[in-house]
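Residue numbers (the UniProt record's numbering), protein chains in the order written: chain A, 1 to 192; chain B, 1 to 567. Accompanying notes for the structure given below.
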Amino acid sequence: MKTYLFPAIRLTFVFLVLCSIIYTAIIWGVAKITPNNGEPAIINVQGKRMYSDVGQKFDADQYFWSRPSAVNYNAAAAGASNKGPYNTDYLKSIQANIDSFVIHHPDVAVKNIPIDMITASASGLDPDITVQAANIQVNRIAHVRNLQPGLLQSLIQQHIHHPFLGIFGPAYVNVLELNVALNDLSASYHAQ
Amino acid sequence: MQSYSELYGVIAMFIIAVLIAIPLGRYMGKVFLGEDTWLDVVLNPVDRFIYRLIGIDENVEMNWKQHIKVLLMINFIWFVLAMLVLTNMAHLPFNPDHNPSMPLDLAFNTAISFITNTNIQHYAGETAMSYLGQLVLMLFQFISAASGIAISIVVIKAMKEGINLPLGNFYFYFVRTCTRVLLPICIVLAIIFLYNGVPMTFQGKDTITTLQGDTVQVSKGPVAAFVAIKQLGTNGGGFFGPNSAHPLENPNYFTNMVETIAIYLLPIALIFTMGYMLNRKKLAWIVFGIMTLGFILLVVPTISMEVRGNTAIAKMGINNISGNMEGKEVRFGSMASAYWAIATTVTSNGSVNAMHDSFMPLSGMCAMLGMMINAFYGGVGVGFLNFYIFMILAVFISGLMVGRTPELLGKKIEAREMQIAMIVALLHPFLILTGTAIASYLYAHHPEQYAAWLSNPGYHGFSEMLYEFTSASANNGSEFAGLNANTAWWNIADGIVMLLARFIPIIGPVAIAASLSQKKYIPAGAGTLQIDTPTFGIMIIAVIIIIAALSFFPALTLGPVAEYFSF
Chain A
1 MKTYLFPAIR
11 LTFVFLVLCS
21 IIYTAIIWGV
31 AKITPNNGEP
41 AIINVQGKRM
51 YSDVGQKFDA
61 DQYFWSRPSA
71 VNYNAAAAGA
81 SNKGPYNTDY
91 LKSIQANIDS
101 FVIHHPDVAV
111 KNIPIDMITA
121 SASGLDPDIT
131 VQAANIQVNR
141 IAHVRNLQPG
151 LLQSLIQQHI
161 HHPFLGIFGP
171 AYVNVLELNV
181 ALNDLSASYH
191 AQ
Chain B
1 MQSYSELYGV
11 IAMFIIAVLI
21 AIPLGRYMGK
31 VFLGEDTWLD
41 VVLNPVDRFI
51 YRLIGIDENV
61 EMNWKQHIKV
71 LLMINFIWFV
81 LAMLVLTNMA
91 HLPFNPDHNP
101 SMPLDLAFNT
111 AISFITNTNI
121 QHYAGETAMS
131 YLGQLVLMLF
141 QFISAASGIA
151 ISIVVIKAMK
161 EGINLPLGNF
171 YFYFVRTCTR
181 VLLPICIVLA
191 IIFLYNGVPM
201 TFQGKDTITT
211 LQGDTVQVSK
221 GPVAAFVAIK
231 QLGTNGGGFF
241 GPNSAHPLEN
251 PNYFTNMVET
261 IAIYLLPIAL
271 IFTMGYMLNR
281 KKLAWIVFGI
291 MTLGFILLVV
301 PTISMEVRGN
311 TAIAKMGINN
321 ISGNMEGKEV
331 RFGSMASAYW
341 AIATTVTSNG
351 SVNAMHDSFM
361 PLSGMCAMLG
371 MMINAFYGGV
381 GVGFLNFYIF
391 MILAVFISGL
401 MVGRTPELLG
411 KKIEAREMQI
421 AMIVALLHPF
431 LILTGTAIAS
441 YLYAHHPEQY
451 AAWLSNPGYH
461 GFSEMLYEFT
471 SASANNGSEF
481 AGLNANTAWW
491 NIADGIVMLL
501 ARFIPIIGPV
511 AIAASLSQKK
521 YIPAGAGTLQ
531 IDTPTFGIMI
541 IAVIIIIAAL
551 SFFPALTLGP
561 VAEYFSF
């Protein structure tokens with residue numbers, strides 16, 4: 001037994017040092033020289049620090065909305081709804097999401113409501129929406145902010161994250177980036 | 001067109017992985033044969049130093065029982081260490097968020113889960129783990145993967161031509177896997193993640209004010225180092241609750257591609273390692289072909305169902321242009337999420353970038369089938385062992401069909417080998433089906449006491465329990481997360497299943513291989529069944545379908561199939 005026990009204990013401690021301490025220290029050291037310094041990507045909005053990759057709740061009429069979230073965008077307890085696709089309670093909640101979307105967007109036909117605007121994301125912190133989901137909200141925001149829809153459409157165009165290398169994956173917009181730009185646009189437009 | 005770029009992404013993730021896996025597999029073959037490789041200058045002294053610290057001689061040949069004893073003993077020590085750390089995190093350093101220690105039943109489940117390379121998580125990292133606890137779990141992600149690879153190398157060595165073959169030294173394979181395969185690749189992966197916004201910090205939660213004026217706390221931590229080995233070692237234990245769906249664990253489509261490739265990179269490379277070590281390249285390509293065929297047969301229906309979207313929501317008048325987006329992230333899209341789901345279940349990785357519980361019924365079934373078969377690429381090392389069992393069965397059945405003594409690579413398969421192979425082959429359905437049966441019985445007979453288990457009623461609720469035991473027995477770790485599994489019953493039942501399902505399917509193939517390696521080598525003649533041919537490939541596929549699919553078909557009918565026809 002001893003032939004196996006002592007090497008096993010020593011092996012465990014050697015690798016505890018190698019994998020948990022040395023490897024961690026190497027990656028942590030490299031993190032210090034990366035642009036983000038080991039922190040999540042940060043954007044500063046009028047002196048306030050925000051994380052551009054972590055989705056925020058946007059449900060006010062003057063903003064582009066973010067997606068429904070099962071955890072109400074609680075970034076300290078992320079999570080999903082985990083509802084089955086044919087669960088009757090779940091389908092009722094989707095119908096409720098559709099109804100409330102229609103109330104805020106009377107100009108949008110039900111068939112044009114983007115699926116991402118009525119379903120909850122996997123993390124509950126999805127920072128993005130599809131380009132269609134942004135475009136469909138333009139009239140509402142234009143009305144509330146007293147801006148021309150054309151201005152908002154070009155704002156969306158400027159903020160599209162295109163597929164990786166132009167060919168891999170979906171295109172989307174980051175809702176926080178878009179709303180920060182929207183605030184700037186509003187301010188400069190109304191200042192004139 | 002958006003959907004084309006999603007398709008190109010998926011195709012690229014497969015092709016790039018294979019292009020890296022072929023030379024990587026050859027490199028690993030050299031590493032395990034002790035041949036010269038380019039990292040020797042640095043790593044030979046490091047390895048020697050490690051052997052000295054452990055106090056072993058890496059040149060001593062071990063027989064198969066010694067290999068198994070070392071494996072079991074180190075796992076026992078790891079279990080003790082894991083229990084000690086997990087139940088005392090609150091009193092230990094590196095706990096800026098003041099998260100609590102784990103209760104015993106959850107610690108039992110988590111400890112077994114991580115040492116068996118399963119990584120089922122009945123907790124969410126951001127609220128239940130200290131950073132110290134996370135770093136210790138990260139250690140297990142390295143060493144459980146390394147022990148799986150080391151043991152598969154023992155089986156490969158035993159498959160050579162000749163008699164009384166040496167099986168090498170377990171510590172030698174184990175140490176080399178860590179220093180020459182896992183650590184160098186993880187360093188590269190982690191640096192890629194760092195430059196894409198994955199955090200690596202020991203600061204605790206940050207409180208911010210959102211643009212709309214809400215106050216939120218944002219969890220972070222030493223994520224980049226953790227995610228690298230979680231993806232590479234077919235581990236899958238996430239840093240945060242939602243695993244790689246969390247934007248700080250997988251921030252963009254590029255990191256998603258890298259993480260997806262890392263899921264099956266080593267399992268594919270190990271096929272070519274076998275080809276190199278046995279000098280049987282054709283056999284490697286046949287095995288790769290069979291596994292890839294199985295993988296594609298699961299990927300295609302899953303992608304097409306997820307891209308088509310939820311038919312029940314379509315009936316409400318919604319145009320499902322982006323697919324089934326419940327439990328999915330916009331930056332990945334439905335196609336890359338469906339692809340990941342199959343990649344992670346066939347390989348026993350178990351990390352997720354979308355919530356499988358909200359997949360369409362038959363896509364959820366494909367994910368379960370991936371784990372039920374558990375040999376299309378499979379977990380690092382152990383996937384090959386599962387495939388080895390299917391090979392033995394296929395050789396035996398083919399032998400009976402043509403009326404010849406069955407032989408595998410020149411060695412006779414006899415009663416003893418077949419007995420072990422059948423025990424291993426039937427263990428997996430036994431654990432899954434009895435576990436699910438007991439859980440269903442309890443739920444059906446004590447509906448009030450266990451009402452909190454399931455968050456979806458009916459067929460889907462049954463699928464949640466079936467999925468949980470399938471994942472535990474496949475040492476996978478993904479979940480239908482609507483199951484509230486952090487209860488004493490699930491923690492203990494899952495723990496026992498994971499233990500049995502880890503070690504019996506390791507001991508069995510090693511015993512068979514060792515027994516065969518002692519036998520007389522019969523050179524191939526005109527009547528020999530050649531195993532490196534497409535014909536034999538079809539035989540293996542037939543055996544896999546008979547054993548795996550038929551054992552599970554009745555249970556799948558009660559869950560996902562019934563759900564599919566219910567709407």
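For every residue, glycine included, the Cβ atom is placed at its ideal position computed from N, Cα and C. Since this is a predicted model, take the numbers as computed values, not measurements.
- DSSP links A/Ile-43 through a beta bridge to A/Met-50.
- Distances from the CA of B/Phe-170 to each of B/Glu-326, B/Ile-492, B/Asp-57 were compared; the closest alpha carbon is that of B/Asp-57.
- The Cβ-Cβ distance between A/Ser-81 and B/Ser-358 falls below 8 Å.
- Relative to the Cα of B/Ile-318, the nearest Cα in the group A/Asp-126, A/Leu-125, A/Ala-109, A/Lys-32 belongs to A/Ala-109.
- Under the Cβ criterion of 8 Å, A/Arg-145 is not counted among the residues facing chain B.
- DSSP places B/Val-216 within a strand segment (E or B) once states are collapsed to three.
- For B/Leu-426, the number of other beta carbons within 10 angstroms of its own is below 16, and it is reported as exposed.
- If you draw a straight line from the Cα of B/Tyr-443 to the Cα of B/Ser-551, it is about 23 Å long.
- Unbroken alpha helix (DSSP H) runs of no fewer than 4 residues, entirely contained in the stretch 268-354 of chain B, are found at 281-308, 311-314, 333-346, following chain order.
- Here DSSP, grouped into helix, strand and coil, assigns B/Pro-560 to helix.
- Taking 8 Å as the Cβ-Cβ cut-off, the stretch 314-335 of chain B approaches chain A at Met-316, Gly-317, Ile-318, Asn-319, Asn-320, Ile-321, Ser-322, Gly-323, Asn-324, Met-325, Glu-326, Gly-327, Lys-328, Glu-329, Val-330, Arg-331, Phe-332, Gly-333, given in chain order.
- The beta-carbon distance between B/Val-346 and B/Gly-370, rounded to whole angstroms, is 4 Å. This is short enough to meet the 8 Å contact definition.
- A check of alpha carbon separations from B/Ile-185 across A/Phe-13, A/Asp-126, A/Cys-19 identifies A/Cys-19 as the nearest.
- Looking at B/Phe-469, B/Ser-363, B/Ile-531, B/Leu-278, the one whose alpha-carbon comes closest to that of B/Ala-158 is B/Leu-278.
- Interface annotation, A/Trp-65: not in contact with chain B, CB-CB separation never under 8 Å.
- Note that the C-beta distance between A/Val-54 and A/Ala-31 is not below 8 Å.
- Bridge partners of B/Met-200 according to DSSP: B/Pro-222.
- Annotation for B/Asp-206: the continuous beta strand (DSSP E) segment containing it runs 206-209.
- Residue environment analysis places B/Glu-6 among the buried positions, since at least 16 neighbouring C-beta atoms fall within 10 angstroms of its C-beta.
- In the three-state DSSP reduction, A/Tyr-172 falls in the strand class (E or B).
- DSSP places B/Glu-407 within a strand segment (E or B) once states are collapsed to three.
- Bridge partners of A/Asp-128 according to DSSP: A/Asn-174.
- Taking a contact as a CB-CB distance under 8 Å, the pair B/Thr-127 and B/Asn-95 does not count as one, their CB atoms being some 12 Å apart.
- In this structure, B/Phe-114 and B/Ala-90 do not form a Cβ contact; the two beta carbons are roughly 19 Å apart against a cut-off of 8 Å.
- B/Ser-398 sits away from B/Leu-298, with the two beta carbons spaced by 8 Å or more.
- Within the stretch 106-131 of chain B, the complete alpha helix (DSSP H) segments at least 4 residues long are 125-128, listed from N- to C-terminus.
- The alpha-carbon separation between B/Phe-240 and B/Gly-477 amounts to approximately 14 Å.
- Residues of the same chain with a CB within less than 8 Å of the CB of B/Val-85, apart from the 5 flanking positions on each side, are Leu-92, Leu-132, Gly-133, Val-136 in chain order.
- In this structure the stretch 14-25 of chain B does not lie against the stretch 170-177 of chain A, because fewer than three pairs of beta carbons, one per stretch, are closer than 8 Å.
- Against chain A, a Cβ distance below 8 Å from B/Leu-265 picks out nothing, because the smallest value is about 18 Å.
- Two segments are said to touch when three or more pairs of C-beta atoms, one from each, lie closer than 8 Å; by this definition the stretch 389-396 of chain B does not touch the stretch 456-475 of chain B.
- Inter-residue distance for B/Met-365 and B/His-356 is about 10 Å (C-alpha atoms, whole angstroms).
- At a Cβ-Cβ threshold of 8 Å, B/Thr-260 and B/Met-465 do not count as neighbours.
- Per DSSP, B/Trp-489 is one residue of the alpha helix (DSSP H) stretching across 488-517.
- Going by C-alpha positions, B/Ile-496 is about 35 Å away from B/Lys-411.
- Put simply, the backbone Cα of A/Asp-61 is about 40 Å away from that of B/Pro-301.
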